[in-house]
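Heads up: the structure comes next, in structure tokens.
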Amino acid sequence: MPAQRRREVALSIFSRFTGQNAVLVLLTLLVGTIAVAPLVRLAISALFDGDGFAVERLTKLFSRPQTSAALVNTLIIATLSTIASLVIGVVFAVVMVFTDLKHKSALVFAFVLPLMIPPQVTAMAWIQAFSPSSPVLGMLGMAMEPGSRHPLYSMTGVVLLLGVYNAPLVYLSLQASLRRLPLNLAEAARAAGASPARTVFTVLLPLARGGILAAASLSFVSAIGNFGIQAMLGIPGRVPTLMTQIYQQVNNIGPSALPNMAMLSIVLVALTVTAVLMANWAASRADTRIDLGTNRLTVALGVYTWPVMILLWGYMIVSLLLPLSALLQTSLVPAFGLSLSAETFTLKNYTAALFNQPILRDALKTSLWLTSVSVVILTVIAVLLGYFLTWRKGPLVRVLQFCTDAAYALPGVSLGVALILIFLRPLPIFDVSLYGTAWIILVAYVAGFFALALRPVLSGYQQIDRNLEEAAQVAGASWGRRMVEIIFPLVAPAATASAILVFMSAINEIQTSIMLISSSARTLGPMIIFLEDGGASTLAAAVGCLMVLGILAIMLITSIFSRYLPERVLPWQF
Amino acid sequence: MTSASLLNVSKAYGKTPVLRDVSLNIKAGEFLAVLGPSGCGKTTLLRLLAGFETPTEGEVQLGDRTVASRSVMVPPEKRGLGIVFQNYALWPHMSVAQNVGYALKVAGLPRAERDQRVREALETVDLTRFADRRPADLSGGQRQRVALARCLAARNNLVLLDEPLANLDVRLRATMEEEFRRFHRESGATLVYITHDQSEAMALADRVAVMDKGRILQCASPRQLYREPANATVATFIGDGLLFPVENVRPEYAGRVRATLLGVEVTMRATPPQGPVPFAIATCHPGNLRLCADHEQNGLDVVITSRVYRGGHWSLEMRPYADQSLTYTIDLPDRGGSLPEPGDDARVAFDDLWLLPEGQGAPFGSTKTNQSSTTDQKKVLQCV
Chain A
1 MPAQRRREVA LSIFSRFTGQ NAVLVLLTLL VGTIAVAPLV RLAISALFDG
51 DGFAVERLTK LFSRPQTSAA LVNTLIIATL STIASLVIGV VFAVVMVFTD
101 LKHKSALVFA FVLPLMIPPQ VTAMAWIQAF SPSSPVLGML GMAMEPGSRH
151 PLYSMTGVVL LLGVYNAPLV YLSLQASLRR LPLNLAEAAR AAGASPARTV
201 FTVLLPLARG GILAAASLSF VSAIGNFGIQ AMLGIPGRVP TLMTQIYQQV
251 NNIGPSALPN MAMLSIVLVA LTVTAVLMAN WAASRADTRI DLGTNRLTVA
301 LGVYTWPVMI LLWGYMIVSL LLPLSALLQT SLVPAFGLSL SAETFTLKNY
351 TAALFNQPIL RDALKTSLWL TSVSVVILTV IAVLLGYFLT WRKGPLVRVL
401 QFCTDAAYAL PGVSLGVALI LIFLRPLPIF DVSLYGTAWI ILVAYVAGFF
451 ALALRPVLSG YQQIDRNLEE AAQVAGASWG RRMVEIIFPL VAPAATASAI
501 LVFMSAINEI QTSIMLISSS ARTLGPMIIF LEDGGASTLA AAVGCLMVLG
551 ILAIMLITSI FSRYLPERVL PWQF
Chain B
1 MTSASLLNVS KAYGKTPVLR DVSLNIKAGE FLAVLGPSGC GKTTLLRLLA
51 GFETPTEGEV QLGDRTVASR SVMVPPEKRG LGIVFQNYAL WPHMSVAQNV
101 GYALKVAGLP RAERDQRVRE ALETVDLTRF ADRRPADLSG GQRQRVALAR
151 CLAARNNLVL LDEPLANLDV RLRATMEEEF RRFHRESGAT LVYITHDQSE
201 AMALADRVAV MDKGRILQCA SPRQLYREPA NATVATFIGD GLLFPVENVR
251 PEYAGRVRAT LLGVEVTMRA TPPQGPVPFA IATCHPGNLR LCADHEQNGL
301 DVVITSRVYR GGHWSLEMRP YADQSLTYTI DLPDRGGSLP EPGDDARVAF
351 DDLWLLPEGQ GAPFGSTKTN QSSTTDQKKV LQCV
């Protein structure tokens with residue numbers, strides 16, 4: 001090779017690693033570490049002991065009755081609650097998408113709200129609403145025998161609550177695919193003589209079966225990974241699941257339980273991956289004809305308007321208003337069990353929660369800065385990542401795509417175990433230990449909410465015409481300049497939406513936090529469980545109410561400014 | 001003004017070839033149209049010139065500078081050309097003036113000069129009043145003019161236009177065609193105009209490169225394309241040309257030959273050094289055929305298979321007796337006289353035939369497949 005040609009080739013290779021390619025490489029390293037390192041660490045701890053493959057330990061682990069009970073319970077709970085979520089979610093989606101019902105925005109807002117409330121708060125609200133000494137049931141004259149066992153501390157309770165909790169997920173996933181169904185298919189069915197209802201059931205729903213299966217898988221994965229409800233109801237109800245078992249063992253036994261719990265974490269990951277793969281497979285077989293921007297089939301409900309209204313609003317009352325009002329009542333009385341009246345009314349729980357409890361104040365402070373920093377980091381990562389995933393091709397992008405998919409598959413508790421394993425010992429080069437500090441929680445948030453942050457940004461990119469970037473490119477703008485002056489302003493609305501979602505989830509995050517918090521680094525999410533465990537139910541209720549209030553405030557404010565945000569990126573927008 | 005050329009450029013995505021050994025010289029200051037059906041590779045050709053794609057083989061040159069080859073790849077931001085995109089690609093978060101001045105800002109021009117050039121460009125396209133508006137507040141035609149002003153302000157020597165009229169309604173197109181002519185005149189830039197609409201290409205361009213299946217079939221002036229197509233595909237695509245098998249081609253004098261067309265003796269135009277060949281293909285447009293008067297002996301005997309009135313003229317579909325597998329449609333002006341009905345016999349004469357320079361020598365026997373493949377192509381070309 002002549003010298004000049006060699007220099008040219010070297011130069012062109014060098015120029016490939018400047019600018020956007022350098023960013024791509026760094027990003028791949030970062031995302032790869034975030035997504036893959038925890039899985040690898042789990043696998044190593046789970047499968048190997050000091051002296052090789054841990055056959056004996058694993059055999060013992062899997063022959064333990066607790067292990068099989070946890071596995072079976074997890075499967076039963078996830079399956080049954082998915083069925084419940086599907087029934088509720090499909091009915092709601094069909095009514096919202098295909099009928100002329102009024103006040104849809106309000107219904108969607110109320111239906112999706114529970115999904116935004118941290119599961120531990122939801123669980124607490126239900127516990128208080130349906131406890132034998134329930135303030136609300138008492139007022140309705142439906143109170144149970146004092147001293148009888150709480151009906152929700154059971155497998156049925158866990159299934160019921162998870163079913164209700166994940167129903168909005170089914171709706172959100174399904175409505176998107178229902179909206180994309182081509183109208184002319186419905187019109188052809190109508191022209192062939194099918195009634196509107198028949199058209200929905202024989203043409204549109206069968207066409208949406210890919211979407212339904214995707215929704216089912218989403219709800220299954222989410223049920224497996226919902227620590228708040230499994231812990232608040234399952235632990236007192238003696239219904240051990242994989243998650244609660246991992247949490248209890250790590251908490252009670254300590255680091256020596258980690259290898260076995262790493263194994264159970266891997267089982268959780270495997271369940272999640274299976275569900276996701278099945279959904280992908282179903283989606284790939286589904287009819288993918290889409291027809292954007294046309295009118296949809298609208299069924300006039302006619303005489304059924306009122307029954308449907310009553311059914312839906314009745315559901316809202318039972319699933320949302322009843323538990324939340326019980327929570328509110330408990331937060332306004334001095335001791336759990338007292339009924340609310342003019343004499344018992346007190347705000348001391350709120351003043352305690354807000355001003356008198358240094359632990360809570362610390363937790364709030366820690367949560368706020370952890371969340372803010374995570375939001376900034378994740379937004380930047382999501383915007384860069386979205387760019388590469390949407391518009392670039394090549395082996396690195398494929399690696400990036402794989403890592404992104406892998407990040408979806410890691411339940412929070414598994415991530416927690418992995419991070420403990422990674423950070424238990426001091427970092428090799430810097431010789432500092434992150435374990436027990438807030439930094440490990442920051443790592444957990446970045447890793448855990450990475451998938452959540454990415455989704456709105458990806459859909460934002462899909463709405464941007466690539467020509468806009470290319471036009472800037474022919475105008476002479478370098479990649480960095482295009483990112484700042486063209487791309488970022490264009491994805492800003494989607495990035496805002498993703499920042500809001502991450503903020504709402506991280507500020508109340510429980511499952512990784514509860515594995516990682518220490519006396520020197522507490523976060524807000526697990527406080528509910530600690531307070532409730534410590535018998536401070538009324539204080540816990542006040543904290544829960546404040547959380548709900550905060551969530552509600554964010555939702556309402558973003559709804560007011562929704563016209564500046566991309567359509568349907570925030571789940572509670574209709 | 002910049003010349004641009006592609007030298008033996010091939011482009012494949014994986015194993016799918018999109019451009020096959022394309023060579024094209026675009027002269028400085030020329031208005032060149034690239035015409036072809038969707039999927040013919042014309043957009044890839046534009047993206048290769050712009051630098052969004054790298055050629056698998058061959059070289060791209062702008063002026064005397066090689067911008068893409070095996071060892072060189074100049075990225076789009078360093079090529080200094082302008083593009084008018086089909087959807088205009090105006091940045092929605094910038095005002096019209098900011099859109100027009102962006103390239104100048106990137107180039108680091110002083111503020112005063114920048115404003116001056118933006119003002120001039122907006123004046124040229126008559127959009128001064130809209131300088132502070134957002135692109136979303138403009139109509140389609142106005143957006144198109146902003147896109148043109150962007151190239152004017154940047155003083156691009158080479159401007160690529162990617163189906164710029166495809167998103168506009170029919171009435172606006174005529175106005176915008178005039179706008180492009182003016183842009184060409186006033187900027188003096190070299191223009192490469194991608195389109196699938198032949199009337200657009202013919203009306204605007206100095207030369208038209210006709211593309212199909214990743215190749216350039218012919219690159220010539222609009223008139224030459226229409227009157228002297230190089231091959232059967234171009235002939236059928238441009239102005240719905242008809243193809244006739246001819247035998248026994250004998251040169252008569254320079255540019256004129258005699259031949260036997262389905263048994264009829266005819267003379268026709270041909271490229272000057274045309275030698276004798278046993279078989280060839282002749283072409284003419286549907287309007288170049290007429291019905292013979294009763295006394296005329298020398299014509300092609302046909303049976304009429306259908307007759308459709310198309311406003312101003314009739315379309316007659318017919319099959320020659322000499323070869324019933326062939327079908328031709330001719331246009332007859334509506335002069336109020338009587339016309340043959342479907343099923344009638346008739347005799348037609350040719351006004352102006354042209355001997356295709358390509359595809360000579362092979363007997364028309366292979367034309368069955370040949371014919372059907374060209375009609376297929378024609379269908380493809382028409383339904384775009």
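Top to bottom, those sequences are chains A and B. Terminal number for the first sequence in our numbering: 574, no gaps in between. Terminal number for the second sequence in our numbering: 384, no gaps in between. Even glycine gets a Cβ: it sits at the ideal position worked out from N, Cα and C.
- Excluding residues up to 5 positions away in sequence, ARG482, ILE486, ILE487 lie with their Cβ nearer than 7 Å to the Cβ of GLU469(A) in the same chain.
- Nearest to VAL72(B) by alpha-carbon distance, out of LEU81(B), VAL84(B), GLU57(B), GLN86(B), is GLU57(B).
- For ARG481(A), the nearest beta carbon of chain B is closer than 8 Å to its own beta carbon.
- Residue-level contact check: GLY89(A) does not touch chain B, since none of the beta carbons of chain B fall below 8 Å from its beta carbon.
- What PRO110(B) touches in chain A, judged by beta-carbon distance under 9 Å, is nothing: the nearest beta carbon there is about 16 Å away.
- In this chain, the alpha helix (DSSP H) harbouring LYS365(A) covers 358-391.
- In this structure, the CA atom of TYR408(A) is about 29 Å from the CA atom of ARG57(A).
- Less than 8 Å separates the beta-carbon of PRO276(B) from that of VAL249(B).
- Judged by DSSP in its simplified three-state form, LEU300(B) adopts strand.
- Within the same chain, Cβ atoms closer than 6 Å to the Cβ of PRO571(A) are found at VAL112, LEU172, the five residues on either side in sequence being excluded.
- Within the DSSP secondary-structure output, MET309(A) pairs in no beta bridge.
- Between GLY525(A) and ASP137(B), the alpha-carbon positions lie close to 47 Å from each other.
- Residue-level contact check: VAL118(B) does not touch chain A, since none of the beta carbons of chain A fall below 8 Å from its beta carbon.
- Listed as beta-bridge partners of TYR309(B) by DSSP are TRP314(B).
- Less than 8 Å divides the Cβ of VAL106(B) from the Cβ of ALA475(A).
- Each residue's CA atom was taken as its position, placing PHE449(A) and VAL269(A) some 16 Å apart.
- Sorting ASN231(B), TYR253(B), GLU252(B) by C-alpha distance to the C-alpha of PHE244(B) places ASN231(B) at the top.
- Contact between ARG269(B) and ARG290(B) is absent: CB atoms are separated by about 18 Å, not below the 8 Å threshold.
- The C-beta of ASN467(A) comes closer than 8 Å to at least one C-beta of chain B.
- For the C-beta of GLY82(B), the chain A residues within less than 7 Å are, from N- to C-terminus, VAL474.
- Secondary structure within the stretch 186-236 of chain B: the beta strand (DSSP E) runs of 3 or more consecutive residues, fully enclosed, are 190-195, 207-212, 215-220 (chain order).
- For the options VAL303(A), GLN249(A), TYR387(A), LEU47(A), the alpha carbon positioned closest to that of ARG455(A) is the one of TYR387(A).
- For ALA103(B), the nearest CB of chain A lies under 8 Å from its own CB, placing it at the interface with that chain.
- With fewer than 16 other CB atoms across the displayed protein chains lying within 10 angstroms of its CB, VAL308(B) is exposed.
- Residue environment: TYR328(B) is assigned as buried (16 or more neighbouring CB atoms within 10 Å of its CB, all protein chains considered).
- Here GLY412(A) carries a helix assignment [DSSP, helix/strand/coil].
- Residues of the stretch 331-363 of chain B with a C-beta atom less than 8 Å from some C-beta of chain A do not occur.
- A direct Cα-to-Cα measurement between ILE441(A) and MET243(A) gives close to 18 Å.
- Interface residue (Cβ-Cβ distance to chain A less than 8 Å): PHE183(B) is not classified as such.
- The Cβ atoms of MET316(A) and GLY416(A) do not sit closer than 8 Å to each other.
- In the DSSP assignment, ASP345(B) falls within the beta strand (DSSP E) that extends over 345-350.
- Listed by position along chain B, the residues whose Cβ is nearer than 9 Å to that of LEU490(A) are TRP91, PRO92, HIS93.
- DSSP links MET268(B) through a beta bridge to VAL257(B).
- Using a CB distance cut-off of 8 Å, GLU200(B) does not count as an interface residue toward chain A.
- Spatial neighbours of VAL23(A) in its own chain (CB-CB distance under 7 Å, excluding positions within 5 residues in sequence) are listed in chain order as LEU384.
- Shortest Cα-Cα distance from ASP132(B) to any of ASP352(B), GLY141(B), ASP115(B) involves ASP115(B).
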